[in-house]
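One structure is given here, and the rest of the page talks about it.
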């Protein structure tokens with residue numbers, strides 16, 4: 001029961017990143033770069049505190065840190081900028097689809113040859129992304145938002161792939177957050193526009209609670225989940241974000257989003273789960 005509750009809370013936290021970011025940026029409470037900076041700062045503070053409380057150190061040296069921090073920075077900026085125009089649910093769906101398809105493609109090129117089932121699943125998920133990304137006439141803002149979220153997805157996929165070899169993923173994440181800060185500080189001086197108290201508060205919540213604590217909880221339950229189960233439970237994140245966006249932010253639930261979500265989730269679910277043999281079903 002504890003594993004189920006912690007895993008459920010973690011997925012809710014991941015989905016809440018989209019809700020909090022959209023809630024802060026779309027009304028203009030804070031500009032995207034300032035939001036990303038405060039989010040990373042709050043996340044770094046919490047993650048470093050958790051690592052030090054466990055008696056571990058924060059490894060800030062090495063080539064892996066530069067790759068991790070750079071890809072994290074790309075994700076943070078793209079994620080924040082995208083929510084100037086994208087609905088929370090649509091943004092989460094695009095991010096999730098791009099990350100999963102990118103990791104699948106990387107594995108197919110540099111790892112194990114994919115099965116027919118995996119190829120079909122990836123194709124279905126890609127079709128779902130096409131439906132989600134198909135622009136409406138004259139919607140240039142939506143195109144820019146989608147492009148920003150695609151860059152965020154590619155950044156997070158690179159971050160995830162580069163971190164697979166980490167012995168202590170929580171400590172590595174804390175280090176990456178720290179090293180990411182100087183890059184965002186520089187960008188903040190160039191692009192800062194406004195940051196109200198509400199915007200700062202939402203950024204702190206997104207960084208410390210739904211990002212920092214969310215990642216810490218995920219790493220705590222991950223050893224107790226089979227790889228296929230860990231992949232499948234993440235299918236809930238865009239669905240939660242879509243429903244929460246409709247309930248909390250009054251976002252429109254369109255047929256296109258429903259079809260896109262069904263295709264992406266079903267396709268990735270097909271790709272990451274193994275087909276049971278007749279003996280398994282008996």
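In the UniProt record's numbering, the protein residues as written are 1 to 282.
Glycine included, every Cβ here is placed at the ideal spot set by N, Cα and C.
Counted as a single uninterrupted DSSP element, the alpha helix (DSSP H) harbouring residue 256 occupies residues 255 to 272. When the beta-carbon positions are compared, residue 19 and residue 69 stay at least 9 Å from each other. Note that the C-beta distance between residue 124 and residue 270 is below 9 Å. Going by DSSP, residue 65 is part of the alpha helix (DSSP H) stretching over 63 to 82. Collapsing the DSSP output to three states places residue 216 in a helix. The alpha-carbon of residue 246 is positioned some 31 Å away from that of residue 188. Per the coordinates, the alpha-carbon of residue 43 lies some 4 Å from the alpha-carbon of residue 207.
For residue 236, the uninterrupted alpha helix (DSSP H) run begins and ends at 236 to 248, by DSSP. DSSP places residue 29 in no alpha helix (DSSP H); its state is neither H nor E. Within 10 angstroms of the beta-carbon of residue 8 lie fewer than 16 other beta-carbons, which makes it exposed.
Following the DSSP letters along the chain, one finds residue 60 in no alpha helix (DSSP H), marked with neither H nor E. One alpha carbon belongs to residue 267, the other to residue 50, and they sit about 36 Å apart. Under the DSSP assignment, residue 17 falls in the alpha helix (DSSP H) whose first and last residues are 2 to 25. By DSSP's assignment, residue 195 forms a beta bridge with 30.
Closest option to residue 212, judged by alpha-carbon separation, among 13, 164, 102: 13.
A residue is called buried when at least 16 other Cβ atoms come within 10 angstroms of its Cβ; residue 57 does not meet this threshold and is exposed. In this structure, the beta-carbon distance from residue 47 to residue 174 falls below 9 Å. Counting only runs of at least 4 residues, the stretch 95 to 166 fully encloses the following alpha helix (DSSP H) elements, listed from N- to C-terminal order: 116 to 133, 140 to 162. Here residue 103 is buried: its Cβ has 16 or more other Cβ atoms, across all protein chains shown, within 10 Å. Residues of the same chain with a CB within less than 8 Å of the CB of residue 185, apart from the 5 flanking positions on each side, are 37 in chain order. Under the 10 Å beta carbon count, residue 132 is surrounded by 16 or more other beta carbons and is classified as buried.
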